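Notes for the one structure printed next.
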Amino acid sequence: MTGNGLILQVRDLRVHYGAIEALRGVSLEVSQGQVVALIGANGAGKTTTLRAVSKMLKPSTGAIHFQGEDVTKLPSHALVARGMAHAPEGRGIFLNLTVRENLDLGAYLRKDRAGIAEDAEKQFSLFPILAERRNQVAGTLSGGEQQMLAVARALMSRPKLMLLDEPSLGLAPQVVERIFSVLREVNASGVSLLLVEQNAHKALQLAHRAYVLETGNVVMQGTGKELLASPEVRKAYLGE
Amino acid sequence: MSRVTEFLQHFVNGLSVGTIYALIALGYTMVYGVLKLINFAHGDVYMVGAFSGYYLGIVGGGGEPSFFRAAYVTLGAMIACALLGFVIERFAYRPLRHRARLTALITAIGVSFLLEYGFQLSPWIRTPVQFPPGPSPRFFPPLIDFGGERSIEILGATMPKIDLLGLGVALGLMLVLQFIVYRTRFGTAMRAVSFDPQVAGLMGIPVNRIISWTFMLGSALAAAAGIINASSRPKIEPLFGLISGLKAFVAAVLGGIGSVPGAMAGGLLLGLTEEYVAGYTDSSYRDAIAFTVLILVLLVRPAGLFGRVTVEKV
Ligand SMILES: Nc1ncnc2c1ncn2[C@@H]1O[C@H](COP(=O)(O)OP(=O)(O)O)[C@@H](O)[C@H]1O
Ligand SMILES: [Mg+2]
Numbered sequence: 014m015t016g017n018g019l020i021l022q023v024r025d026l027r028v029h030y031g032a033i034e035a036l037r038g039v040s041l042e043v044s045q046g047q048v049v050a051l052i053g054a055n056g057a058g059k060t061t062t063l064r065a066v067s068k069m070l071k072p073s074t075g076a077i078h079f080q081g082e083d084v085t086k087l088p089s090h091a092l093v094a095r096g097m098a099h100a101p102e103g104r105g106i107f108l109n110l111t112v113r114e115n116l117d118l119g120a121y122l123r124k125d126r127a128g129i130a131e132d133a134e135k136q137f138s139l140f141p142i143l144a145e146r147r148n149q150v151a152g153t154l155s156g157g158e159q160q161m162l163a164v165a166r167a168l169m170s171r172p173k174l175m176l177l178d179e180p181s182l183g184l185a186p187q188v189v190e191r192i193f194s195v196l197r198e199v200n201a202s203g204v205s206l207l208l209v210e211q212n213a214h215k216a217l218q219l220a221h222r223a224y225v226l227e228t229g230n231v232v233m234q235g236t237g238k239e240l241l242a243s244p245e246v247r248k249a250y251l252g253e
Numbered sequence: 011m012s013r014v015t016e017f018l019q020h021f022v023n024g025l026s027v028g029t030i031y032a033l034i035a036l037g038y039t040m041v042y043g044v045l046k047l048i049n050f051a052h053g054d055v056y057m058v059g060a061f062s063g064y065y066l067g068i069v070g071g072g073g074e075p076s077f078f079r080a081a082y083v084t085l086g087a088m089i090a091c092a093l094l095g096f097v098i099e100r101f102a103y104r105p106l107r108h109r110a111r112l113t114a115l116i117t118a119i120g121v122s123f124l125l126e127y128g129f130q131l132s133p134w135i136r137t138p139v140q141f142p143p144g145p146s147p148r149f150f151p152p153l154i155d156f157g158g159e160r161s162i163e164i165l166g167a168t169m170p171k172i173d174l175l176g177l178g179v180a181l182g183l184m185l186v187l188q189f190i191v192y193r194t195r196f197g198t199a200m201r202a203v204s205f206d207p208q209v210a211g212l213m214g215i216p217v218n219r220i221i222s223w224t225f226m227l228g229s230a231l232a233a234a235a236g237i238i239n240a241s242s243r244p245k246i247e248p249l250f251g252l253i254s255g256l257k258a259f260v261a262a263v264l265g266g267i268g269s270v271p272g273a274m275a276g277g278l279l280l281g282l283t284e285e286y287v288a289g290y291t292d293s294s295y296r297d298a299i300a301f302t303v304l305i306l307v308l309l310v311r312p313a314g315l316f317g318r319v320t321v322e323k324v
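From first to last, the protein sequence lines stand for chains W and E.
Going by this note's numbering, the first residue of the first sequence is number 14, and it counts up by one from there.
Going by this note's numbering, the first residue of the second sequence is number 11, and it counts up by one from there.
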């Protein structure tokens, strides 16, 4: 555990796609138990930031500390073992597997069969539509159902920190409400969240702190309230 | 021979060859699944399987042919090839994982040549066995002695008992594999890796380890195929994996590359097609059939029988 109360600390992260520098020295922090939002225009580097943190890709330079441990060199699966879960952009559902198999994979590193079954039931009660479809191949789910499955699956590892990449993208308003209320509950149970959202308004309302990303740089940071009140943010991201 | 008997005889022969293709095709398809790589050295792993069995049979199995000896030789060859598969993946393919697709493909052909011609070097270990075997063919030792009758008759069609046993073992292995792939934690992880390795990592799946195990599993099946085939057609030589490998590759494509049931169906179908066409027309067409099938599949149904038309992920 950390002395400073940070669950995640990212320092000076740089990521290249070939010759393109997508992140130009991003630093951010998530405190234990907090919701931190990452907002910014399309192409700002939000997805890249989450991918670098969870090692879906390899950062060129920078340091990542998770629960006080330097995890810069660790692969994805080792981070999962330490309590990180990432619901990636585009949902990352295994469309060739059933709903239940997807959930079980979320609990891949857990050994307690009974606990896993119990948690799967918990997800099914959070998202009843998934219970109806539990034995269906995930490829038959609608976009909204897949998004719910992505969130449910990330919860199956009993994470301490969840990275969420646009969980509300392209969803009907009631589904968005459902997902945000689950996220609020999850956070209330002690899980920290690093949330990327294009729905900046909802994200900032939920977030304790937020960062604004622009072309691979953090250009603004503050509490959710401060950013909601900021004229620049209102103009650029809240459509005013 | 009556027509029915002839038809049945071809069926039995086709099935026997088809299961060999199927076992080899499984390795192609599983490796393609997790790496999107055609492991062109896979046919040569099949050859090494037969030679491993040959050495084990001579050195360790001095005793009389028996079920015990057959099991020991088969399992030994499967383990040897699993290790070979591990080494090939770890040292030839993994360092090139993030390079262009063509780089890995050319490397696969390189590994194939290495095995084919490496095994033809003049022997440098002489007694009690010669390793590597050198260019001349060898004769696989009999693993089992069935006593008096070597064949049984089914409605007039003859089936050597060794082929029947081979068929049983091959089908048994396919059932085991089917179970592993669809019913175990490892199998689910393998299917997840083949769908999306990056996201599989996010589930906590150690992707590299799953890839290693997949190579080992596929190579072990190829070794079993090598033993089964050599038990019924004992002449083995370092180049004989090439044509069987190519045909098994065709079987994998026919079934839908990446699909496990597809590889099994494709292998059986190809074996039967070859046998019937060669049997009822001209046997010199046999080797051309596989490639005719390949061309037809690619023209008519490129995804293969069991393959899904792949949806590009955004
Ligand atoms: N796979 C990739 N290859 C090349 N460039 C990429 C790739 N993914 C993202 N980029 C580029 O990196 C920048 C950041 O992208 P991304 O992190 O996806 O932004 P966001 O999630 O904020 O929309 C963009 O300029 C984008 O074009
Ligand atoms: Mg994005």
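Each residue gets a CB set at the ideal place from its N, CA and C atoms; glycine is no exception.
Here the structure is a predicted model, which is why all the values come from computation and not from measurement.
query: Beta strand (DSSP E) segment containing residue 99 of chain W, residue limits; result: 97 to 100
query: Proximity test, Cβ basis, 8 Å: residue 90 of chain W and chain E; result: yes
query: Ligand 2 heavy atom lying under 7 Å from the CB of residue 178 of chain W; result: yes
query: Proximal chain E residues relative to residue 69 of chain W, where beta-carbon distance stays under 9 Å; result: 208, 209, 211, 212
query: Classification of residue 22 of chain W by the beta-carbon crowding that lies within 10 angstroms, buried from 16 upward; result: buried
query: Beta strand (DSSP E) segment containing residue 233 of chain W, residue limits; result: 230 to 236
query: Spatially closest choice to residue 122 of chain E from E:49, E:19, E:96, by CA coordinates; result: E:49
query: Given 8 Å, three or more beta-carbon pairs between the stretch 134 to 149 of chain E and the stretch 158 to 168 of chain E; result: no
query: Same chain, Cβ closer than 6 Å to residue 172 of chain E, neighbours up to 5 away in sequence not counted; result: 241, 242
query: Neighbourhood of residue 46 of chain E by C-beta distance below 8 Å, restricted to the same chain and skipping five residues each side; result: 111
query: Any non-hydrogen atom of ligand 2 within 7 Å of residue 283 of chain E CB; result: no
query: Separation of residue 185 of chain W from residue 252 of chain W, as counted between CA atoms; result: 20 Å
query: Residue 210 of chain W CB to nearest heavy atom of ligand 4 below 7 Å; result: Because ligand 4 does not appear in the structure shown, any question about it cannot be addressed here, the ligands present being ligand 1 and ligand 2.
query: Where residue 172 of chain W meets chain E, residues with beta-carbon distance less than 9 Å; result: Per Cβ cutoff of 9 Å: no residues; residue 172 of chain W is ~10 Å from chain E at best.
query: Any non-hydrogen atom of ligand 1 within 7 Å of residue 224 of chain W CB; result: no
query: Beta-carbon proximity check, residue 204 of chain W vs residue 180 of chain W, cutoff 8 Å; result: no
query: Per DSSP, the bridge partner or partners of residue 177 of chain E; result: DSSP output for residue 177 of chain E lists no bridge partner at all.
query: Alpha helix (DSSP H) runs contained entirely in the stretch 126 to 209 of chain E, provided each spans 4 or more residues; result: 171 to 193, 195 to 205
query: Own chain partners of residue 308 of chain E with C-beta closer than 6 Å, once the 5 adjacent residues on each side are dropped; result: none
query: Residue 161 of chain W versus residue 228 of chain W - alpha carbon distance; result: 30 Å
query: Counted within 10 angstroms of its Cβ, other Cβ atoms place residue 69 of chain E as buried (16 or more) or exposed; result: exposed
query: Cutoff 8 Å: residue 50 of chain W Cβ touching any chain E Cβ; result: no
query: Spatial distance of residue 15 of chain W from residue 81 of chain W (CA atoms); result: The predicted position of residue 15 of chain W is uncertain, since its pLDDT is 45 and thus under 50; a value taken from the coordinates is nonetheless stated next. So the two alpha carbons sit approximately 5 Å from each other.
query: Residue 71 of chain W CB to nearest heavy atom of ligand 2 below 7 Å; result: no
query: Residue-level contact to chain E via CB, residue 9 of chain W, 8 Å cutoff; result: Since the first residue of chain W shown is 14 and the last is 253, residue 9 of chain W is not available in this structure.
query: Contact with chain E by residue 14 of chain W, beta-carbon distance below 8 Å; result: In this prediction, residue 14 of chain W has a pLDDT of 45, which is less than 50 and means its spatial position is unreliable; what the coordinates show is noted afterwards. So, not an interface residue.
query: Beta-carbon gap between residue 3 of chain E and residue 44 of chain E smaller than 8 Å; result: With chain E represented from 11 up to 324, any question about residue 3 of chain E goes unanswered, as that position is not in the structure.
query: Assumed close pair residue 303 of chain E, residue 280 of chain E - CB separation to whole angstroms, cut-off 8 Å; result: 6 Å
query: Exposure label - residue 54 of chain E; buried when at least 16 CB within 10 Å; result: buried
query: Residue 28 of chain W to residue 67 of chain E span [Cα, whole Å]; result: 55 Å
query: Contacts that residue 316 of chain E makes with chain W (C-beta to C-beta distance below 9 Å); result: Within chain W, no residue comes near residue 316 of chain E; the closest Cβ sits about 12 Å away, beyond 9 Å.
query: Inter-stretch contact (C-beta, 8 Å, three-pair minimum) for the stretch 256 to 274 of chain E and the stretch 123 to 136 of chain E; result: no
query: Minimum Cβ-Cβ distance from residue 194 of chain E to chain W less than 8 Å; result: no
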